[in-house]
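A.B. asks:
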Amino acid sequence: MVTLFLFIFVMNAMGIIPGMQLPVTSHLAYPAALAIYIYIVWNAIGIRKHGAVNHFVGRVVPGGTPKWILPLLVPIEIAQNFIARPITHALRPFAAMLSGHLLLAVFAAGGFYMFNLGAGGFLSVLSVGYSGLALFAFIVFTGFELFIMALQAYVFIMLASSYLGEALEGAH
1 MVTLFLFIFV MNAMGIIPGM QLPVTSHLAY PAALAIYIYI VWNAIGIRKH
51 GAVNHFVGRV VPGGTPKWIL PLLVPIEIAQ NFIARPITHA LRPFAAMLSG
101 HLLLAVFAAG GFYMFNLGAG GFLSVLSVGY SGLALFAFIV FTGFELFIMA
151 LQAYVFIMLA SSYLGEALEG AH
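If you read the sequence shown in our numbering, its first letter stands for residue 1, the second for the next number, and so on.
Here's what the structure looks like:
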């Protein structure tokens, strides 16, 4: 898990390096591949530890559930565990990295386009002030984005650990 955390964090941090432009995880294919890998390992561990039937029944039928509610609950559990879980596991780092980088791009481009010394007089001073403000915001948000990159890698690993731990424990 530490290796996976460092891998995700380094892929995220590539977006801060000038010239690299976008974090690798801001392209959906990378977090999707990692989420699919965790999903496959989750199922493999559950099947190996408890058998195929017990693993899948344990995921869709929570323990102690009255039988009369199962027709309503089983489709919800199937959708949650086998469809929504891997999708949201992939979308979380993708959306965070793409939106964070777009925010940085707005501040960088805004500072560049607001800088206009040819405006003359007060407008030149105002454009320099706004450009400086945009540069300051860009620097602050770059630090914040680095924190978010580490946090997203941590959340991905915590969810993966939770899923794999759940597969080891068995039914709910």
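Yeah, the Cβ is synthetic: ideal placement off N, Cα and C, and Gly gets one too.
None of these values were measured; they are calculated from a predicted model.
#1: With distances taken between CB atoms, is the gap from G110 to A134 smaller than 8 Å?
#2: Going by Cα to Cα distance, which pick from H89, G58, M114 and T88 is closest to V74?
#3: Can you tell me where the alpha helix (DSSP H) holding L70 begins and where it ends?
#4: Just to confirm the assignment, what range does the alpha helix (DSSP H) spanning V41 have?
#5: Please name the residue, chosen from L6, A95, T65 and E145, that lies closest to F107 on a Cα-to-Cα basis.
#6: Please report the straight-line C-alpha distance between V53 and Y154, rounded to a whole angstrom.
#7: Starting from G132 and walking both ways along the alpha helix (DSSP H), at which residues does that stretch end?
#8: Where A96 and A32 are concerned, what is the direct C-alpha to C-alpha distance, given to the nearest angstrom?
C.D. replies: For this structure:
#1: Yes; because the gap between Cβ atoms is below 8 Å, this pair is in contact.
#2: G58
#3: L70 to I78
#4: A29 to H50
#5: The shortest CA-to-CA distance from F107 to any of L6, A95, T65 and E145 is the one to E145.
#6: Straight through space, the alpha carbons of Y154 and V53 are spaced by roughly 32 Å.
#7: G121 to E169
#8: Cα to Cα, A96 sits roughly 14 Å from A32.
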